[in-house]
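Chemist:
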Amino acid sequence: SKFPNAHTGTGYAYVSKSDGTPGNNLSGLIQQAVDVPSDMESAEFSFWSNITTKEPNADNKAYDTLGIYFTDPAGKTTVVGILSNLDKDAGAGSQYYRQIKIFMTSQLSPYKGKRILVGFVGETDDSYETVFRVDDVKLMVKRLVDTVTINSLTANPTIVESGGVSQLETIATDSQGHTLIYNYTATGGSFDNPNIKTPKWTAPQNTSESDKVYTVTVVANDGRGNEGTKNVPITVRPVPPPPPPPPPKA
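For the sequence shown, the residue numbers in the numbering used here are -6 to 243.
Structure (structure tokens):
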């Protein structure tokens, strides 16, 4: 088999001749298109490598190399790591693989919401074959947690007469800058428009003999399943009693 030395599974990528044997004056690349999430917080590129070589490495020089790179949407290629014959392992096989991790948060941040290419390019010189094996390649992206925060919900005034009007205002933020949708409800009364930031609330008729407290609630959501909620109490005065009847005429 051409793939007798996988880290896991039955296959891997490696630099060799077409028949799977080591060779000199070889070059090749393998790459994959990746969509960088627009809400990326951090990124880590990792893979397992196994390198065997016949280079004596006596002069401590890199003659055969494996470059790790990404290409941005404009076609610019950036190398983020290089392995060589100097990074050789003790032998070939799953037990000799090493995991390589490359943090790429700063490199990929400019390309949030865009597609890039991530890949490897290998080259060997004209003597002393080196084999680069690559397996279990991952680009792990941590995404930002999207939150909706209601900073304040105010009512002006907070004490009204029966049938009176209170001006409401909500100040809310979304951590990702998404447009927020508002929905107001109350335990009584009515709104001129319950789906704007600053509706007016009209109090019901309080026919009791004492003040009544009504709760106004606002829910702000970003349309993506994230929301925040806040309440404000408004006191409604009772309906004034009717004036006393006029005194009887003499």
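Glycine is no exception: its CB is placed at the ideal position from the N, C-alpha and C atoms.
Could you tell me whether the segment 163 to 172 touches the segment 232 to 240, where touching means 3 or more Cβ pairs closer than 8 angstroms?
Modeler: Counting Cβ pairs under 8 angstroms, fewer than three are found: no touch.
Chemist: Excluding the 5 residues preceding and the 5 following L22 in the sequence, name in chain order all residues of the same chain whose CB lies nearer than 7 angstroms to its CB.
Modeler: Start at 1 with the first residue of the sequence shown, and residue 22 comes out as number 29. For L22, where only same-chain residues beyond five positions count, the Cβ hits under 7 angstroms are G112, F113 and V114.
Chemist: Among the residues of its own chain, which have a CB less than 7 angstroms from the CB of S201, if the five just before and after it don't count?
Modeler: Position 208 of the sequence shown, counting from 1, holds the residue named residue 201. Contacts found: P231.
Chemist: I'd like the list of long-range same chain contacts for K10, defined as Cβ closer than 6 angstroms, with 5 residues on each side in sequence excluded.
Modeler: Here residue 10 is taken as the residue at index 17 of the sequence shown, counted from 1. Closer than 6 angstroms at Cβ, skipping near neighbours: G16.
Chemist: Among all the DSSP beta bridges, which residues are the ones paired with P226?
Modeler: Residue 226 sits at position 233 when you count from the first residue of the sequence shown. P226 pairs with T208.
Chemist: Excluding sequence positions up to five away, which residues of its chain have a Cβ less than 7 angstroms from the Cβ of D119?
Modeler: Numbered from its first residue, the sequence shown carries residue 119 at position 126. Cβ neighbours of D119 beyond the five flanking positions: N17 and N18.
Chemist: Extract the residue ranges of the alpha helix (DSSP H) inside the segment 81 to 111, only unbroken runs of 4 or more that lie entirely within it.
Modeler: If we require 4 residues or more, the alpha helix (DSSP H) runs fully inside the segment 81 to 111 come out as 98 to 101.
Chemist: In or out: G216 buried (at least 16 other Cβ within 10 Å) or exposed?
Modeler: The residue given as residue 216 occupies position 223 in the sequence shown. Classification for G216: exposed.
Chemist: Would you tell me roughly how many angstroms separate the C-alpha atoms of E98 and K131, rounded to the nearest one?
Modeler: Position 105 of the sequence shown holds residue 98. Position 138 of the sequence shown holds residue 131. The displayed chain sequence assigns Thr, not Glu, to residue 98. If you take the alpha carbons of T98 and K131, they lie about 14 angstroms apart.
Chemist: In terms of DSSP beta bridges, what is A26 paired with?
Modeler: Indexing the sequence shown from 1 puts residue 26 at position 33. BP columns for A26 point to L110.
Chemist: Rounding to the nearest angstrom, what Cα-Cα distance links E122 and E48 in this structure?
Modeler: Stepping through the sequence shown from its first residue, residue 122 is reached at position 129. Stepping through the sequence shown from its first residue, residue 48 is reached at position 55. Their Cα atoms are separated by approximately 7 angstroms.
Chemist: Quick test of the definition: if touching needs 3 or more C-beta pairs under 8 angstroms, does the segment 87 to 95 touch the segment 36 to 43?
Modeler: Yes, the segment 87 to 95 touches the segment 36 to 43.
Chemist: Could you give the first and the last residue of the continuous beta strand (DSSP E) run that contains A148?
Modeler: Residue mapping note: residue 148 aligns to position 155 of the sequence shown, counting from 1. Looking at the DSSP string, the run of the beta strand (DSSP E) that includes A148 is V141 to N149.
Chemist: Determine the direct distance from the alpha carbon of L137 to that of I189, and round the result to whole angstroms.
Modeler: As a first step, residue 189 is located in the sequence shown; it is residue number 196 there, counting from the start. As a first step, residue 137 is located in the sequence shown; it is residue number 144 there, counting from the start. If I take the Cα positions, the gap works out to 27 angstroms.
Chemist: Where does P103 land, buried or exposed, given buried means 16+ other C-beta within 10 angstroms?
Modeler: If you number the sequence shown from 1, residue 103 lands on position 110. Flag for P103 reads exposed.
Chemist: Count the C-beta pairs between the segment 148 to 161 and the segment 49 to 58 that are closer than 8 angstroms, then say yes if the count reaches three, no if not.
Modeler: Flag = no, the segment 148 to 161 and the segment 49 to 58 do not touch.
Chemist: Which of the three DSSP states is assigned to L79 in this structure?
Modeler: As a first step, residue 79 is located in the sequence shown; it is residue number 86 there, counting from the start. The answer is helix: DSSP assigns L79 an H, G or I state.
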